[in-house]
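Q: My questions all concern the structure below.
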Amino acid sequence: MKRNIPLLLFLCMLFQLNAQSQTVNITGTVFDDGTKEEIELASIRVLNAKDSAYVTGAATNATGKFSVAVKPGNYLVHVSFLGYLEQYFQVSTKTKTAIGNVYLKEDGILLSEATVEAKAPEIIIKGDTAEYNAAAYKVQESAVLGDLIKKIPGAEIDSDGKITINGKDITKILVDGKEFFSEDPKTASENLPAKMVEKLQVLDQKSDMAQITGFDDGEEQTVINLVVKQGMKEGVMGSVSGGYGNKDRYEANGFVNVARGDNRLSALGNFNNNNNAGGGGGGGRGWGNNRGLTETTMGGVNVAMEPSKKFKYDGDAQYRGTDNTVETTSNTTYTGSDMIENGVSSRNSVNKNMNTRFKFEWTPDSLTNIIFRPNISYSKSNQFSMSKSERTSASNEIDNFSTSSESSSDGHTLRLDGNLLINRKLNSKGRSVTVELSGGLSDGDTDGITYSKTDYSNDPTRSRIQDQVYNQKNNSNNWRARMSYLEPVGRNNFLELAYNIRNTHSETDKKTYEKDASGKYTVIAEDYTRNTKNDFLNQNISLNFQAHRQKYNYTVGVGLEPSRSQTSVVEPGEKENKDRARNFVNFAPRLEFNYLWDRRHNLRIRYNGQTGQASTDQLFDGILSQSATDTTRGNPNLKPSFEHRLNIRYQKYIQEKASSIMSFADVRYTMNAIASITRIGAGNSRNTTYENIDGNMTGRLMVMYNTPLRNKRFSINTRTFGNYNRDNTFISDRNGGDPQKNTANTYSISEGLGLKFNSDKFQFNIRGNIAYENTRNSLASTENESLNNQEIYNYGGGGDFSWYLPYNFVLESDLNYSSNSGYTGGYQENSWIWNASLAKEFNIKIKKESGTVNLPATLRFKIYDILQDQSNISRSSNANNITYSTYNTISSYFMVGLTIRFQSFKGGAKSSDMEGPGGGRRFGPGGGGRGPGGPMF
């Protein structure tokens, strides 16, 4: 027996070791409860069920999944992530170890060394998409989308309402993936309430055909997609607002949105005279370097419906009317000479535009997809302008002159367009065929009158008068057919054979008349009268190969592009056309490479080429301008241009630090670019036409970094931009010699830095920027050496704050400084713009039989340009000249406005949904918060 004791001890030890080696895996997947997207690097902590002692832990992977090995037993699993509410799960290995899907809700409390309020990340990179968290950018309850966009690092909205983010133009705004007033992002940015936005996503959206086939066709647009808060997708919300101020400034607008899941109906309308071209009445956009004074009236309806799983559509109808008056003072210095031109002008433009567009999508079965896009638009314009200018030359004073001119025009244009796309999958492995047909026509008619008088200071007998009336008809039609056949080749490889043919026909028929002896306009001005027709046929036959791998994918291909351009001209008194036909062939290689470290860290390299055609005016075989001293003539012999494009983009989101870096580089080189040729003639006149030239080039570089600081209330962002532009032209001197080539090389670099503090009761932003620009002309000017090498600096800085006071008062203010150096005399800028507003948020109580209804309202007093220091200066340069301009704009004024909001959502909306981005504050009576006294922030 004693001999068996060691054996028994050995067997017991072996059994114990075997038991210890038996483990099971606790598994699950973590999602964002709002977006339903996977959360990477969420913390998984396994605790002992008896005493909550820590046992082991892990983090989720790029797809949100986790797997933790534990011994058999009972456990408590703790799931958490920065900015989300934590969750606990009881797990017994005897019954179930798969937790399944875990949905975390935002705005949790994270316990670390100290208790800190968790803040959701400002920016997250998700593949090709940069997603901005609206809660990180506080705006007022009545703010519009544009107020939210302007708080995003790298975002700008110019005086015309054009939106750029990180240097890219935003061409479209989507709401939950559906277009909202397509091709007019200004309407959405200045009318949609900011409080309905949960996420703002910036992405490069491919064309319908590229999205279906997976092969890029170069027709990419940078768009914004708005993710609406969950609580606002079932019900009605809207607002009405109005305001009036001194100097008879006014604004009024209304918005209503009815949502039923995937169905949405929106209507909006506004009118104002405070240069707010899109309307909006909430957040106090109201100030910018707007050119001139503008009155706006607009209204529209947008719809998005899904009657069935197989059929859906969206579309809109819109009217916009503007009345704009611009007064300009300018100074122009011409390259290659010492000529300087100073001028003043006044222009009034009245425009009325109506347009409708729709998108219908039908999927009759799982293999077929049909998309149809019809569009129709009509525009009418009326313009009147007056100008006075003086052109002088120190080396040729005898030809100095001054010109006074007046002109007016009335015109209208009708456009019809349609696009049909049909895709059919031929098997489950990826074989498919896609056909796209599109066409359109445009019909325009303009009547105008021009009058100008030129006086030479040293010889009154040389005075010239030009007095003309004209009628110009512009008609065009176009059609295009594209076909793509997709064939799978092996595993995760595809081959595409594509064919594209497009034809454009344009006709300009211009008749110009001068006065006869009786004073009637009956004499044909032959130099200004032409009928020009142009037909441009372009084909592209391409073969492309695409491969998909776990970490990367790439596309390589080559295309053959034959094109034909034919122009016919009928001059006065002629019956036969002067036909000019030319044939061209270009090779269009393409390359795209995408590397994905994970879904939040990626690199894209893309190269392609594209053929372009000259505009109708540039091809017009006649004189385009109406000046008595200068002429601009088209050239029907222009060749199509071909542009090479190289784009590199790198993006990374560091989840554990909630920081992000975005960068891109873009280079474009154009062959047969269209350049102007200017001859300086007798009397300091300038005669310009167009020719093809090689060598035009542009390059852009952008790097942006955004990160919160340790306690997450502070965040910093930095933006670096670099630009290079090479512009070619031809210029002659007044002696009549052959024009000489001038190349203007422009280099610029700018740096912007911002610091932001964000809390429930107080928010501020501090920012600063500096920009340097250098332009060198290859055609040296001995008469004006300042043109040979120009250096300018632009400086800026400022800040803004929002202070949420007791009793629902909100105080907001912003101060901006701008300055420059290197500008010509009289156009130096050194201005401070200070704006401020005080708002009171309250409820309007309406009694009904069913009870009392509370309508949230905001009463606001706002004042713009308190220091009355607004200036409006611009500078533009190219290979021909440098121009400085100042424009009139709205001067300092104040306004009192009232906004009333209403909403009714299915099941009652959450309080967080009712608040504006960043969370609405409710202090004082009825606010559910503290009253006066206590800490302010």
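With mature numbering (1 follows the signal peptide of the UniProt record, and there is no 0) applied, the sequence shown covers -21 to -1, 1 to 916.
Glycine is no exception: its CB is placed at the ideal position from the N, C-alpha and C atoms.
1. Alpha carbon to alpha carbon, how far is residue 392 from residue 660? Give it in angstroms, no decimals.
2. On the criterion of 16 or more Cβ atoms from any shown chain inside 10 Å, does residue 844 qualify as buried, or is it exposed?
3. What are the boundary residues of the alpha helix (DSSP H) that includes residue 128?
4. Under three-state DSSP, which class holds residue 164?
5. Do you know offhand how far residue 737's Cα is from residue 782's?
6. Measuring CB atoms only, is the segment 433 to 441 touching the segment 400 to 415, in the sense that at least three cross pairs come out at less than 8 Å?
7. Measuring alpha carbon to alpha carbon, tell me which of 874, 245 and 475 ends up nearest residue 216.
8. If you measure between the beta carbons of residue 281 and residue 159, is that distance less than 8 Å?
9. Would you identify the three-state DSSP class for residue 644, choosing helix, strand or coil?
10. Any idea which residues DSSP pairs residue 853 with across the strands?
11. Counting Cβ pairs closer than 8 Å, one from the segment 447 to 457 and one from the segment 425 to 434, do we hit at least three?
12. So what does DSSP say about residue 325, is it helix, strand or coil?
13. Can you list, in chain order, the residues of its chain with a C-beta nearer than 7 Å to that of residue 424? Leave out the 5 residues immediately preceding and following it.
14. Considering only the beta carbon of each residue, do residue 180 and residue 108 sit closer than 8 Å?
15. Taking three-plus beta-carbon pairs below 8 Å as touching, is the segment 132 to 145 in contact with the segment 183 to 195?
16. Reducing DSSP to helix, strand and coil, say where residue 361 ends up.
17. Is any non-hydrogen atom of the ligand PLP found closer than 7 Å to the C-beta of residue 641, if you look at the structure I gave you?
18. State buried or exposed for residue 847, treating a residue as buried only when at least 16 other CB atoms are found within 10 Å of its CB.
19. For residue 151, which beta-bridge partners are listed by DSSP?
20. Of the choices 106, 174 and 310, whose alpha-carbon is the least far from that of residue 802?
21. Start and end of the alpha helix (DSSP H) containing residue 602?
22. Please say whether residue 366 and residue 324 have beta carbons closer to each other than 8 Å?
23. Could you check whether residue 585 and residue 626 sit closer than 8 Å to each other, using their CB atoms as the reference points?
24. Counting only runs that start and end within the segment 459 to 523, where is the beta strand (DSSP E) found for 3 or more residues in a row?
25. What is the DSSP secondary structure of residue 187, reduced to helix, strand or coil?
26. How about residue 511 and residue 600: are their beta carbons less than 8 Å apart?
27. Can the beta-carbon of residue 745 be found closer than 8 Å to that of residue 701?
28. Cutting at 6 Å between CB atoms, please list the residues of its own chain near residue 458, excluding the five before and the five after it.
29. What span of residues does the beta strand (DSSP E) with residue 919 cover, start to end?
30. So, with DSSP's three-state summary, where would you put residue 434?
31. Report buried or exposed for residue 831, applying the criterion of at least 16 other Cβ atoms within 10 angstroms of its Cβ.
32. Look up residue 687 in the DSSP assignment and give the residues it is bridged to.
33. If I follow the unbroken beta strand (DSSP E) through residue 841, where does it start and stop?
34. Determine the contact status of residue 972 and residue 205, defining contact as a CB-CB distance below 8 Å.
35. Among the residues of its own chain, which have a CB less than 7 Å from the CB of residue 495, if the five just before and after it don't count?
36. Provide the residue span of the beta strand (DSSP E) that contains residue 669, from first to last.
A: Let me spell this out:
1. 37 Å
2. buried
3. Note, residue 128: alpha helix (DSSP H), 124 to 128.
4. helix
5. 11 Å
6. Touching, no.
7. 245
8. yes
9. It is a strand residue.
10. Residue 853 is bridged by DSSP to 864.
11. yes
12. strand
13. 390, 391 and 452
14. yes
15. no
16. strand
17. Inclusion of the ligand PLP in the displayed structure is not the case, the ligand content being empty and no account of it being possible.
18. exposed
19. 202
20. 310
21. From DSSP, residue 602 is part of no alpha helix (DSSP H); its letter is neither H nor E.
22. yes
23. Taking 8 Å as the Cβ cut-off, residue 626 and residue 585 qualify as a contacting pair.
24. The DSSP assignment places complete beta strand (DSSP E) segments of no fewer than 3 residues inside the segment 459 to 523 at 472 to 494 and 500 to 503, in order along the chain.
25. helix
26. yes
27. no
28. So the qualifying residues of the chain are 418 and 482.
29. Because the chain spans -21 through 916 in this model, residue 919 falls outside it and cannot be assessed.
30. strand
31. exposed
32. 694
33. 830 to 843
34. Beyond the ends of the chain as shown, which are -21 and 916, falls residue 972; an answer cannot be given.
35. 501 and 502
36. It spans 665 to 672 - the beta strand (DSSP E) in which residue 669 sits, taken as one unbroken run.
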